[in-house]
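In what follows, a single structure is set out as structure tokens and then discussed.
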Amino acid sequence: LLCAAAASPSAERLRRSGEQAAARGRFPPGVTSSFQRPRAARPLSHEEVLRRLAESTEEGRAGASGPSRRLGAEEDSAQQVHLGFLGPGEAVVTYVTKDRGLESRVKFGAAGGEMDRSAVGTASVYQSLLCPTNDNLFSPTLGDVMVTDQDLADVIDTSALFPATSKSYVKLASPGQAVSKLADGCVPYKNPRAFYVSGYIHTVPLKGLTPGQRYVYAPEGSGRSFAFTAPRAPGASDPGKPMRIGVWADVGTTNVSLATMRELLSLAPEAALLVGDLSYADGWAPIWDRFGTMMEPLMATVGHLTVVGNHDISEGFTQAVDWMSRYPTPWQASNSTTPLQYTYEMGLMYVIGLPGSYAPTGSDSAQYQFLEEALARVNRTRTPWVVVQFHTPWYNSCDHHYEEGYKARVDQEALLYSYGVDLAFNGHVHSYERTHPVFKYQVDECGIRHIVIG
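Okay, so the sequence shown: first residue is 3 according to this note's numbering, each after it adds one.
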């Protein structure tokens, strides 16, 4: 609290220190350190994801009381099961089914007993235009191709659907011609295959949960059940059992993504923050289904709070439609006006999720005003640790994405500093870095520790 009341350096000092750091191309000594990036990853097909998950006994159980092996999409009605958080004492289960008319219902109960409670939700579908705008889908700098020429050709070639006289007729001489037929990066709207339609996405709130209680749940009609632990009550702590939170970002659907998911699952976190760039679908929406299947062992058993990254909101012109349809946030319980920003309390931690650089950040913006209100509501006696998560970092030493978050930092850093925010989690940069407490490019004991986890 003493730190929160400290005077802020002048705007001129901010300008000078920023220019000096930019001129060096790095931050002052001691602020960050380097980390060697891993080798390029290999994308996995949906079929290979199912095969690899089925080979794992641990993931087949998925913390569940159901079958010991993992059911494939053709064997179980509910797929891509995952867990999120809503208001106090509430969680939300989301899952996908192929068939219309299945009830959006989840049975649940305390672990060790019967699933004697039932919750009902809603089902919806969404559609999006296929706009594979990112060249890395077809010709990545590193790793293998995510979308092959044949994948695209199967969509672009409409010769089996229309007569040659139709304006929608396209006949390809070879799959390699498909990319040239895109219109501003998108499959032409005249092509009926241009529109991806999701499966039936069921969203079911579970209410009246007891903090710290272990629960088992099963989607209606599913042959599997999953277990999770309800988050600690705000202000609750256990000196003998510190709260364990997983934090990750920039995930994708590669062999490295799968290995990272398995590692995080093995650490048994109570909850997890996913700081943007979930699937890297980049306008090729079927990849979201692959991601949901791959991440189910973790995300069905560990509740997640996610925020958008550039690959969720801008690549492929998606406007975060896929993310918002699949990964609910506690925005309505946070007095927010958009799913892109929210707050959530658990244990001694107060989490603020923000769109960051992917929405206006000035003092007259909806994001800034929400952030200011959210910080003013913090009770540091109950939740002494205040954490913000947004995708684009304000501080990083890598050349890639360097100072992309500059405007957001200039707009919001003093606000976060004045309220004594402790930690900022970011992704975007595919390295691990952390700073000393820092404010306006200077080490400051009252500043924020920034952790890049991309």
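Positions of the beta carbon are idealized from the N, C-alpha and C atoms, including for glycine.
**OP:** Along the beta strand (DSSP E) that carries Phe-87, what are the first and last residues, could you check?
**Re:** Along the sequence shown, read from residue 1 onward, the residue named residue 87 stands at position 85. From DSSP, the beta strand (DSSP E) with Phe-87 extends over 81 to 87.
Original post:
Tell me the DSSP bridge mates of Asn-428?
Top reply: Residue 428 sits at position 426 when you count from the first residue of the sequence shown. Bridge partners of Asn-428: Val-454.
**OP:** Within 10 angstroms of the Cβ of Arg-53, are there 16 or more other Cβ atoms? Answer buried if so, exposed if not.
**Re:** Walking along the sequence shown from the start, residue 53 turns up at place 51. So Arg-53 counts as exposed.
Subject >> Start-end ranges of the beta strand (DSSP E) lying completely within the region 113 to 187, minimum 3 residues >> reply: 119 to 122, 124 to 126 and 129 to 131
**OP:** Please classify Glu-435: does DSSP put it in a helix, a strand, or coil?
**Re:** Indexing the sequence shown from 1 puts residue 435 at position 433. Residue state, collapsed to three classes: strand.
Original post:
Which residues mark the beginning and the end of the beta strand (DSSP E) in which Gln-391 is found?
Top reply: Here residue 391 corresponds to residue number 389 of the sequence shown, with the count starting at 1. Unbroken beta strand (DSSP E) run through Gln-391: 387 to 391.
Subject >> According to DSSP, residues forming a beta bridge with Thr-339 >> reply: Taking the first residue of the sequence shown as 1, we reach residue 339 at position 337. Per DSSP, none; premise fails for Thr-339.
Original post:
In three-state terms, what does DSSP make of Gly-294?
Top reply: Residue 294 sits at position 292 when you count from the first residue of the sequence shown. In this structure, Gly-294 counts as helix in the three-state DSSP scheme.
**OP:** Please report the residue range of the beta strand (DSSP E) in which Tyr-419 lies.
**Re:** Stepping through the sequence shown from its first residue, residue 419 is reached at position 417. It is not in any beta strand (DSSP E) - Tyr-419 instead sits in the alpha helix (DSSP H) that spans 408 to 420.
Subject >> Selected residue, minimal CA-CA separation from Phe-110, among Gly-89, Tyr-128, Val-127 and Leu-85 >> reply: In the sequence shown, counting from the first residue as 1, residue 110 sits at position 108. Measuring from the Cα of Phe-110, the nearest candidate turns out to be Leu-85.
Original post:
Going by Cα to Cα distance, which pick from Val-454, Pro-134 and Pro-142 is closest to Met-154?
Top reply: Taking the first residue of the sequence shown as position 1, residue 154 is located at position 152. Per the sequence presented here, residue 154 reads as Leu, with Met not at that position. Closest by alpha carbon: Pro-134.
Original post:
Straight-line CA distance for Ala-235 to Pro-190?
Top reply: Residue numbering aside, residue 235 sits at position 233 when the sequence shown is read from its first letter. Residue numbering aside, residue 190 sits at position 188 when the sequence shown is read from its first letter. Their backbone Cα atoms lie some 50 Å apart in a straight line.
**OP:** Can you grab the Cα-Cα spacing for the pair Arg-195 / Thr-255, in whole Å?
**Re:** Translated into positions along the sequence shown, residue 195 becomes position 193. Translated into positions along the sequence shown, residue 255 becomes position 253. Their Cα atoms are separated by approximately 23 Å.
Subject >> Arg-39 versus Ser-433 - alpha carbon distance >> reply: Taking the first residue of the sequence shown as 1, we reach residue 39 at position 37. Taking the first residue of the sequence shown as 1, we reach residue 433 at position 431. With a pLDDT of 49 at Arg-39, under the threshold of 50, the modelled position of that residue is not reliable, and the figure given next carries that caveat. Cα-Cα distance, rounded: 6 Å.
Subject >> Where the alpha helix (DSSP H) through Val-323 begins and ends >> reply: Counting from 1 along the sequence shown, the entry for residue 323 is found at position 321. Here the alpha helix (DSSP H) through Val-323 covers 323 to 328.
**OP:** Could you pull the start and end residues of the beta strand (DSSP E) that Thr-308 belongs to?
**Re:** Along the sequence shown, one-based indexing puts residue 308 at 306. Its beta strand (DSSP E) spans residues 306 to 308.
Original post:
Can you find a C-beta in chain C that's less than 8 Å from the C-beta of Met-117?
Top reply: The question asks about chain C, but that chain is absent: this structure has only one protein chain.
Original post:
In whole angstroms, what is the alpha-carbon distance linking Asp-401 and Gly-123?
Top reply: Indexing the sequence shown from 1 puts residue 401 at position 399. Indexing the sequence shown from 1 puts residue 123 at position 121. Looking at the two C-alpha atoms, the distance is approximately 46 Å.
Original post:
Do Ala-113 and Ala-274 come within 8 Å of each other at the CB atom, strictly closer than that value?
Top reply: Here residue 274 refers to the residue found at position 272 of the sequence shown. Here residue 113 refers to the residue found at position 111 of the sequence shown. It is not a contact, given that the beta carbons lie outside the stated cut-off.
Original post:
Does DSSP classify Thr-57 as helix, strand or coil?
Top reply: For the purposes of this step, residue 57 is taken as residue 55 along the sequence shown, with counting starting at 1. First, the residue type needs correcting, since residue 57 is Glu and not Thr in the sequence shown. In this structure, Glu-57 counts as coil in the three-state DSSP scheme.
**OP:** Please name the residue in Leu-342, Glu-77, Ser-106 and Glu-92 whose C-alpha comes closest to that of Gly-214.
**Re:** In the sequence shown, the residue the question calls residue 214 occupies position 212. The residue with the shortest Cα to Cα distance from Gly-214 is Glu-92.
Original post:
By Cβ distance below 7 Å, which residues in the same chain neighbour Asp-284 in space, the five residues on each side in sequence not counted?
Top reply: For this step, residue 284 is matched to residue 282 along the sequence shown. For Asp-284, where only same-chain residues beyond five positions count, the Cβ hits under 7 Å are Pro-134, Thr-135, Asn-136, Leu-139, His-313, Glu-317 and Gly-318.
Original post:
Would you call the region 395 to 414 and the region 352 to 370 touching, i.e. three or more CB-CB distances under 8 Å?
Top reply: yes
Original post:
When burial is assigned at 16 or more other CB atoms within 10 Å of the CB, is Thr-437 buried or exposed?
Top reply: As a working note, residue 437 is residue 435 in the sequence shown. By the 10 Å Cβ count, Thr-437 comes out buried.
Original post:
In three-state DSSP terms, what is Gly-355?
Top reply: In the sequence shown, residue 355 corresponds to position 353, counting from 1. Strand at Gly-355.
**OP:** Taking the CB atoms as reference points, tell me whether Val-277 and Val-249 lie closer together than 8 Å.
**Re:** Walking along the sequence shown from the start, residue 277 turns up at place 275. Walking along the sequence shown from the start, residue 249 turns up at place 247. Yes, the pair counts as a contact, with Cβ atoms nearer than the cut-off.
**OP:** Please say whether Thr-99 and Gly-201 have beta carbons closer to each other than 8 Å?
**Re:** Taking the sequence shown and counting its residues from 1, one reaches residue 201 at position 199. Taking the sequence shown and counting its residues from 1, one reaches residue 99 at position 97. Yes, the pair counts as a contact, with Cβ atoms nearer than the cut-off.
**OP:** Compute the distance between the beta-carbons of Val-199 and Val-127, then report whether it is under 8 Å.
**Re:** Counted from its first residue, the sequence shown places residue 199 at position 197. Counted from its first residue, the sequence shown places residue 127 at position 125. A contact, by the Cβ cut-off of 8 Å.
Original post:
Thinking just about the alpha-carbon of each residue, which of Ala-287, Val-157, Tyr-370 and Asn-398 is nearest to the one in Gln-129?
Top reply: Against the sequence shown, residue 129 aligns to sequence position 127. Out of Ala-287, Val-157, Tyr-370 and Asn-398, Ala-287 has the C-alpha closest to the C-alpha of Gln-129.
Subject >> Proximal residues to Val-431 (C-beta, below 8 Å), its chain only, five neighbours per side dropped >> reply: The count along the sequence shown starts at 1 and reaches residue 431 at position 429. So the list reads Pro-395, Asn-398, Cys-400, His-402, His-403, Val-454 and Gly-456, once near-sequence residues are dropped.
Subject >> Length of the line joining the Cα atoms of Ala-361 and Leu-342 >> reply: Reading the sequence shown from its first residue, position 359 is the one you call residue 361. Reading the sequence shown from its first residue, position 340 is the one you call residue 342. For Ala-361 and Leu-342, the distance between alpha carbons rounds to 9 Å.
Original post:
Would you call Thr-339 buried or exposed, if buried means 16 or more other Cβ atoms sit within 10 Å of its Cβ?
Top reply: By 1-based counting over the sequence shown, the position of residue 339 is 337. Exposed.
**OP:** Name the two residues that bound the continuous alpha helix (DSSP H) containing Tyr-370.
**Re:** If you number the sequence shown from 1, residue 370 lands on position 368. Looking at the DSSP string, the run of the alpha helix (DSSP H) that includes Tyr-370 is 368 to 378.
Subject >> Cβ-Cβ distance between Trp-290 and Asp-252 below 8 Å >> reply: Taking the first residue of the sequence shown as position 1, residue 290 is located at position 288. Taking the first residue of the sequence shown as position 1, residue 252 is located at position 250. No, the pair does not count as a contact, with Cβ atoms beyond the cut-off.
Original post:
In chain order, what residues of the same chain have a beta carbon less than 7 Å from the beta carbon of Glu-105, not counting five sequence neighbours either side?
Top reply: Numbered from 1 along the sequence shown, position 103 holds the residue referred to as residue 105. Contacts found: Glu-222.
Subject >> Nearest neighbour of Pro-271, chosen from Trp-333, Met-245 and Ser-281 [CA to CA] >> reply: To locate residue 271, count along the sequence shown from 1; it is residue 269. If we check each option's Cα against that of Pro-271, Met-245 comes out closest.
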